[in-house]
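S.K.: Mapping the sequence shown onto UniProt numbering, position 194 (from 1) lands on 194, and the numbers just tick up by one.
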Amino acid sequence: MSKLKCKDHCGNISIPYPFGMGNKDCYFNEWFEIKCNESAYPPTAFIASIEKEVFYIDVDGRAIVRSPIISSNCSGRKGDKPINLTGSPFYISTWNSFIAVGCDIRALLMDDPLLRIGCDSRCHGQKGIDLREMLPKLQTIDSDGYILTGRDCNGTDCCNTRVPSANQKVFHPIFNQSTDGCKLAFLAIDMGRPFDQFLVPRHPYVQFLMLLDWTINSTLMRAVDNETADCYNNAGVNASEFQFNCRCRESGYEGNPYIGCAGKITAIDSHDIYS
């Protein structure tokens, strides 16, 4: 699903156009450039423009990346940088949950005068949490390949809430500073609800995974063959440039709409031919 004469994999990770590696002709523009570290084992792929390690990309507008963990007052732990995707074709998917870990804390995902979203975590008779024991248990992959996150985070030791809006661009959580102790917050995929068409590979060495949505601009949309694919304005995205997705038409076509859909091969019963 990559362009002709372009590498289509980084290790086991498929890289479909408009993403690509190497030559500039292999990706649509700098937002979609993939850097592949082939000296790592297994090889690791990064979306260069947003500096995120990526584990899965599909042509339906989804990418799975490593989630940053934002921390406060955690001795010996260097927190990751917050996310700011403003101006990019990437958005934080509503299939993520916001997880906060700590004792007697309030963590806010959004602190807007019109929309304040977060959760509270309490610890009963404890002064702190053993993060080395707790964190690996917060995200699991079930036997069918679905990622489940924070299912037991009901307000004791940790809490969770859903990402509310498809046009979320920034993740910079706010903690109340009235209590001591380590505080953590991160976004992570939680796909316990039915999502049959989207199973993900297992990556046990990754601490947390999050889902990003991606879109294209009108320049790439106009290059799509409208006889075999349909493009639509992603109504949930408020963007001045990147706001479109395309798909091969369900009636007889499949593949990558950004480089050309192919007709499906349909089996014909020989009885129908000679009858």
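Glycine included, each C-beta is placed from N, C-alpha and C at the ideal position.
(1) Is there contact here, the region 73-87 with the region 148-159, by at least three beta-carbon pairs under 8 Å?
(2) If you draw a straight line from the alpha carbon of Thr140 to that of Ile147, how long is it in whole angstroms?
(3) At a cut of 8 Å, does the region 207-221 reach the region 243-258 through at least three beta carbon pairs?
(4) By Cβ distance below 7 Å, which residues in the same chain neighbour Ser67 in space, the five residues on each side in sequence not counted?
(5) Which same chain residues, not among the five before or five after Cys6, have their C-beta less than 6 Å away from its C-beta?
(6) Assign Thr149 to buried or exposed, taking buried as 16 or more other Cβ atoms, counted over all protein chains shown, within 10 Å of its Cβ.
(7) When you compare only the Cα positions, how much space is there between Asn52 and Glu227?
(8) What does DSSP give as the partner residues of Glu254 in its beta bridges?
(9) With C-beta atoms as the reference, is Ala107 less than 9 Å away from Pro173?
(10) Between the C-alpha atoms of Pro16 and Cys119, what's the straight-line distance to the nearest angstrom?
(11) How far does the alpha helix (DSSP H) with Ser71 in it extend, from its first residue to its last?
(12) Can you check DSSP and say which residues form a bridge with His9?
(13) What first and last residue would you give for the beta strand (DSSP E) that runs through Thr219?
(14) In this structure, what does DSSP give as the bridge partners for Asp104?
(15) Considering just the uninterrupted stretch of the alpha helix (DSSP H) at Glu53, what are its terminal residues?
(16) Taking Ala100 as the reference, give the member of Asp152, Pro42, Glu38, Asp60 with the closest Cα.
(17) By the three-class DSSP mapping on this structure, what secondary structure does Asp142 have?
(18) Note down the Cα distance separating Gly22 from Leu138, rounded to an integer number of angstroms.
(19) Drop a sphere of 10 angstroms on the beta-carbon of Asn96, count the other beta-carbons inside from all chains shown, and report buried for 16 or more, exposed for fewer.
(20) Do Asn29 and Pro18 have their C-beta atoms closer together than 9 Å?
(21) Among the candidates Cys36, Val170, Ile47, whose CA atom is the shortest distance from the CA of Pro82?
(22) Taking Cys261 as the reference, which of Ala229, Glu241, Ser251 has the closest Cα?
(23) Of all the options Asn233, Cys10, Lys78, Tyr41, which has the alpha carbon lying nearest to the alpha carbon of Ile57?
(24) Which of helix, strand or coil does DSSP assign to Leu135?
(25) Which one of Arg122, Asp144, Gly102, Asn154 has the shortest CA to CA distance from residue 328?
(26) Check whether the Cβ atoms of Gln168 and Ile50 sit closer than 9 Å, and answer yes or no.
(27) I need the straight-line Cα distance from Asp8 to Ile117, nearest angstrom please.
M.R.: Per the coordinate set shown:
(1) No contact exists between the region 73-87 and the region 148-159.
(2) For the purposes of this step, residue 140 is taken as residue 140 along the sequence shown, with counting starting at 1. For the purposes of this step, residue 147 is taken as residue 147 along the sequence shown, with counting starting at 1. For Thr140 and Ile147, the distance between alpha carbons rounds to 6 Å.
(3) The region 207-221 makes contact with the region 243-258; the number of CB pairs closer than 8 Å reaches 3 or more.
(4) Here residue 67 is taken as the residue at index 67 of the sequence shown, counted from 1. Excluding sequence neighbours, Ser67 sits near Phe186, Leu187, Ala188, Phe208, Leu209, Met210.
(5) Locating residue 6 in the sequence shown gives position 6, where the first residue counts as 1. The beta carbon of Cys6 sits closer than 6 Å to the beta carbons of Gly20, Cys26 from its chain, once the five residues preceding and following it are set aside; these are given in chain order.
(6) Along the sequence shown, one-based indexing puts residue 149 at 149. Buried, by the Cβ-count rule.
(7) Residue numbering aside, residue 52 sits at position 52 when the sequence shown is read from its first letter. Residue numbering aside, residue 227 sits at position 227 when the sequence shown is read from its first letter. Asn is not the amino acid found at residue 52; the sequence shown has Lys there. If I take the Cα positions, the gap works out to 35 Å.
(8) Along the sequence shown, one-based indexing puts residue 254 at 254. According to DSSP, Glu254 bridges with Ala262.
(9) Sequence index remark: in the sequence shown, residue 107 carries index 107 (1-based). Sequence index remark: in the sequence shown, residue 173 carries index 173 (1-based). Contact check for Ala107 against Pro173 passes: the beta carbons are separated by less than 9 Å.
(10) As a working note, residue 16 is residue 16 in the sequence shown. As a working note, residue 119 is residue 119 in the sequence shown. Those two C-alpha atoms are separated by around 37 Å.
(11) Walking along the sequence shown from the start, residue 71 turns up at place 71. Run containing Ser71: none in the alpha helix (DSSP H); it sits in the beta strand (DSSP E), 69-72.
(12) Within the sequence shown, residue 9 is the residue found at index 9, counting from 1. The secondary-structure analysis by DSSP pairs His9 across a beta bridge with Ser14.
(13) Position 219 of the sequence shown, counted from the start, is the residue given in the question as residue 219. Going by DSSP, Thr219 is part of no beta strand (DSSP E) but of the alpha helix (DSSP H) stretching over 218-222.
(14) Position 104 of the sequence shown, counted from the first residue, corresponds to residue 104. Beta-bridge pairing by DSSP links Asp104 to no other residue.
(15) By one-based count along the sequence shown, residue 53 stands at place 53. Element bounds for Glu53: not the alpha helix (DSSP H) but the beta strand (DSSP E), 52-58.
(16) If you number the sequence shown from 1, residue 100 lands on position 100. Ranking Asp152, Pro42, Glu38, Asp60 by Cα distance to Ala100 puts Asp152 first.
(17) As a first step, residue 142 is located in the sequence shown; it is residue number 142 there, counting from the start. Reduced to three states, the DSSP call for Asp142 is coil.
(18) Here residue 22 corresponds to residue number 22 of the sequence shown, with the count starting at 1. Here residue 138 corresponds to residue number 138 of the sequence shown, with the count starting at 1. One Cα belongs to Gly22, the other to Leu138, and the distance between them is close to 36 Å.
(19) Your numbering for residue 96 matches position 96 in the sequence shown. Sixteen is the threshold: when 16 or more other Cβ atoms of the shown chains lie within 10 Å of the Cβ of Asn96, as they do, the residue is buried.
(20) Start at 1 with the first residue of the sequence shown, and residue 29 comes out as number 29. Start at 1 with the first residue of the sequence shown, and residue 18 comes out as number 18. Cβ atoms of Asn29 and Pro18: closer than 9 Å.
(21) Residue mapping note: residue 82 aligns to position 82 of the sequence shown, counting from 1. Of Cys36, Val170, Ile47, the residue nearest in Cα terms is Val170.
(22) Locating residue 261 in the sequence shown gives position 261, where the first residue counts as 1. Considering only Ala229, Glu241, Ser251, the residue with the shortest C-alpha distance to Cys261 is Ala229.
(23) Locating residue 57 in the sequence shown gives position 57, counting from the first residue. Nearest neighbour of Ile57 by Cα position, chosen from Asn233, Cys10, Lys78, Tyr41, turns out to be Cys10.
(24) Here residue 135 is taken as the residue at index 135 of the sequence shown, counted from 1. DSSP places Leu135 in helix when its eight states are reduced to three.
(25) Examination of residue 328 is not possible in this model, given that the chain is present from 1 through 275 alone.
(26) Locating residue 168 in the sequence shown gives position 168, where the first residue counts as 1. Locating residue 50 in the sequence shown gives position 50, where the first residue counts as 1. Result no, Cβ atoms of Gln168 and Ile50 do not sit closer than 9 Å.
(27) Start at 1 with the first residue of the sequence shown, and residue 8 comes out as number 8. Start at 1 with the first residue of the sequence shown, and residue 117 comes out as number 117. If you take the alpha carbons of Asp8 and Ile117, they lie about 40 Å apart.
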